[in-house]
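Q:
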């Protein structure tokens, strides 16, 4: 089977391809034999300066540990106008990213930076903030600082005459940034090199430490780390975008203004204010009818628009009542479902063991609460307590969800260089797929310290020959993790009176 052609090879692969081509195929734009094998794609483009035809060169490449990008370079041979830009070839990430790098030595200045048009760069030590630009950029930390120095120095002679105070502030910042570069008053070409013996090069000169932070709501920016993501000077943090950021990125439409001039977001904020009744028993599950659906106004965690969360009480035969909560945003498509127990805390935990032998068992209803853990010993699959949250689905449905979560997220953005890990993980996914298709028998163990999980008994009310249910006593550590050791349901009124008396005295 032929290998699939890689659309976005790395820079190193591009370099190897270029080394194997004649120089005239790389440096000229003439059509000829082997034109399609050239690493660069060239397109005739209109020059916006002189109106003549220039050339745009496109390089499709991938940055290790980041994503695919398109590097574009335009040059007009008529007026010598040139322009460089970088664009992300991937999708906008579901969350914004903040990359922080501590620059302590001149070697750190060589770290690569990918800056998207929506990225804001902050250097806190110099109170310097670079707002989002109209085009992307592929550079290094040193190249970024050189661009800042060049831009700030451009109008300094004129500013010195028109605004002396502004000139002084900007020049102070420029001088500090030049200390980082360390190449001020570089060696003159006419100076005898023998006279420079013993002088440290600008790479060896001391430099002030500073911090570079990239804040990109689109998540398409990047700072290179050294070695691995455990680099102590490098940090990545993600965050949920605000409604304004989603609007600026074009992901959602702006809220419509109301007749009073308020935005829909402001109006929804007033509607979302819920008065909690003094009688909390009205919120208990017993007060919710089986056919009644409660609606809770809220805010979408993905796009920030107002939405409603629906809650309904469901009675599971031979088990207990549960509350199913569903959230669906009609603007960005975000969906979430969760199940909460509607009963009291069980004095013991529950362990359910099911032997799955045919596809009929996959249709069993399964309730995995947020405190339940799931295991399949045959393939060494272990989902710890709380993984996937609360789910009420079928056994086939929860296996499908586990497969999708692992295959899409765990190694989707990893580096392909770690072939051993990728191979072992592919083997695990293959085994999981065989289990999911019941190509061989397997065992499902569902353990819940609060006994709020459930697997359907197909023979109810008679015992199920393929399923075993065990009740066990929780350990002190399990009670501590669940917060049960500090719960007091009897005599708390007296403790409250004693505490108030002590406080007043």
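Residue numbers (our numbering): 304 to 808. For glycine and all other residues, C-beta sits at the position ideal for the given N, C-alpha and C. Predicted model, so just to flag it, every value in this text is computed and none were measured.
From residue 346 to residue 425, what distance separates their C-alpha atoms?
A: In the chain shown, counting from the first residue as 1, residue 346 sits at position 43. In the chain shown, counting from the first residue as 1, residue 425 sits at position 122. Those two C-alpha atoms are separated by around 35 Å.
Q: Evaluate contact between the region 539-551 and the region 437-447, counting only Cβ atoms and requiring at least three cross-stretch pairs below 8 Å.
A: no
Q: Taking 8 Å as the limit between beta carbons, can you name the residues of its chain near residue 456, skipping five residues before and five after?
A: Within the chain shown, the letter at position 153 stands for residue 456. Taken in chain order, the residues that qualify are 477.
Q: Take residue 552 and list the residues in its own chain whose beta-carbon comes closer than 7 Å to its own, dropping the five residues that flank it on each side.
A: Locating residue 552 in the chain shown gives position 249, where the first residue counts as 1. Cβ within range, chain order: 395, 421, 520, 521.
Q: In three-state DSSP terms, what is residue 624?
A: Here residue 624 refers to the residue found at position 321 of the chain shown. The answer is strand: DSSP assigns residue 624 an E or B state.
Q: With DSSP run on the structure shown, which of helix, strand or coil describes residue 371?
A: As a position in the chain shown, residue 371 is number 68, starting the count at 1. Here residue 371 sits in strand by DSSP.
Q: What are the partner residues of residue 641, as DSSP defines its beta bridges?
A: The residue given as residue 641 occupies position 338 in the chain shown. DSSP, once it has assigned bridges, lists 628 as partnering residue 641.
Q: Among the candidates 733, 655, 699, whose CA atom is the shortest distance from the CA of residue 280?
A: As displayed, the chain neither begins before 304 nor continues past 808, which places residue 280 out of reach and without an answer.
Q: Return the Cβ separation of residue 549 and residue 607 in integer angstroms, given the expectation that the two are a contact with Cβ distance under 8 Å.
A: On the chain shown, residue 549 is found 246 positions in, with the first residue counted as 1. On the chain shown, residue 607 is found 304 positions in, with the first residue counted as 1. Sure, about 6 Å apart at Cβ, within 8 Å.
Q: For the alpha helix (DSSP H) that residue 700 lies in, which residues bound it at each end?
A: Taking the first residue of the chain shown as position 1, residue 700 is located at position 397. That run of the alpha helix (DSSP H) goes 698-708.
Q: Taking DSSP as the reference, what is the three-state secondary structure of residue 437?
A: Here residue 437 corresponds to residue number 134 of the chain shown, with the count starting at 1. Of the three classes helix, strand and coil, the one that applies to residue 437 here is coil, per DSSP.
Q: Do you know whose CA, among 733, 650, 732, 639, lies nearest residue 693's CA?
A: Residue 693 sits at position 390 when you count from the first residue of the chain shown. When only C-alpha atoms are compared, the closest one is 639.
Q: For residue 427, collect the residues of the same chain with a Cβ closer than 6 Å to its Cβ; drop the 5 residues on either side in sequence, then sort them by chain order.
A: Along the chain shown, one-based indexing puts residue 427 at 124. So the qualifying residues of the chain are 514.
Q: Excluding the five sequence neighbours on either side, which residues of its own chain have a C-beta within less than 8 Å of the C-beta of residue 649, listed in chain order?
A: Along the chain shown, one-based indexing puts residue 649 at 346. Closer than 8 Å at Cβ, skipping near neighbours: 753, 754, 755.
Q: Hey, out of 689, 682, 707, whose CA is closest to residue 731's CA?
A: Reading the chain shown from its first residue, position 428 is the one you call residue 731. Nearest of 689, 682, 707 to residue 731, Cα basis: 682.
Q: Can you give me the Cβ contacts of residue 578 inside the same chain, cut-off strictly under 6 Å, excluding the 5 residues immediately before and after it?
A: Translated into the one-based positions of the chain shown, residue 578 becomes position 275. Any answer about residue 578 is weak, because its pLDDT of 37 lies below 50 and its placement is not dependable; what the coordinates show is given next. Taken in chain order, the list of residues that qualify is empty.
Q: Return the residue from the list 465, 708, 680 that minimises the CA-CA distance to residue 748.
A: Translated into positions along the chain shown, residue 748 becomes position 445. It is 680.
Q: Can you give me the C-alpha to C-alpha distance between residue 643 and residue 617, rounded to a whole angstrom?
A: Translated into positions along the chain shown, residue 643 becomes position 340. Translated into positions along the chain shown, residue 617 becomes position 314. Each residue's Cα considered, the two are about 10 Å apart.
Q: For the ligand ATP, is there a heavy atom less than 8 Å away from the beta-carbon of residue 468?
A: For the ligand ATP, the structure offers nothing, since it holds no ligand at all.
Q: Out of curiosity, what's the CA-to-CA distance linking residue 734 and residue 659?
A: Numbered from 1 along the chain shown, position 431 holds the residue referred to as residue 734. Numbered from 1 along the chain shown, position 356 holds the residue referred to as residue 659. Rounded to the nearest angstrom, the two C-alpha atoms are 15 Å apart.
Q: In the DSSP assignment, find the unbroken alpha helix (DSSP H) run with residue 469 in it and report its ends.
A: Position 166 of the chain shown, counted from the start, is the residue given in the question as residue 469. 467-484 is the extent of the alpha helix (DSSP H) around residue 469.
Q: For residue 528 versus residue 674, is the C-beta spacing smaller than 9 Å?
A: Along the chain shown, one-based indexing puts residue 528 at 225. Along the chain shown, one-based indexing puts residue 674 at 371. Cβ atoms of residue 528 and residue 674: not closer than 9 Å.
Q: What's the gap between the Cα of residue 605 and the Cα of residue 518?
A: For this step, residue 605 is matched to residue 302 along the chain shown. For this step, residue 518 is matched to residue 215 along the chain shown. Each residue's Cα considered, the two are about 18 Å apart.
Q: Please identify the residue among 554, 666, 614 whose C-alpha is closest to the C-alpha of residue 741.
A: Residue mapping note: residue 741 aligns to position 438 of the chain shown, counting from 1. It is 666 whose Cα lies nearest to the Cα of residue 741.
Q: Along the chain, where does the alpha helix (DSSP H) containing residue 781 start, and where does it finish?
A: Taking the first residue of the chain shown as position 1, residue 781 is located at position 478. Start and end: 779-785.
Q: Taking residue 688 as the reference, which of 677, 697, 696, 423 has the closest Cα?
A: For this step, residue 688 is matched to residue 385 along the chain shown. For the residues 677, 697, 696, 423, the minimum Cα distance to residue 688 belongs to 677.
Q: On the three-state DSSP scale, how would you describe residue 452?
A: As a working note, residue 452 is residue 149 in the chain shown. Three-state result, residue 452: helix.
Q: Under three-state DSSP, which class holds residue 676?
A: As a position in the chain shown, residue 676 is number 373, starting the count at 1. Of the three classes helix, strand and coil, the one that applies to residue 676 here is strand, per DSSP.
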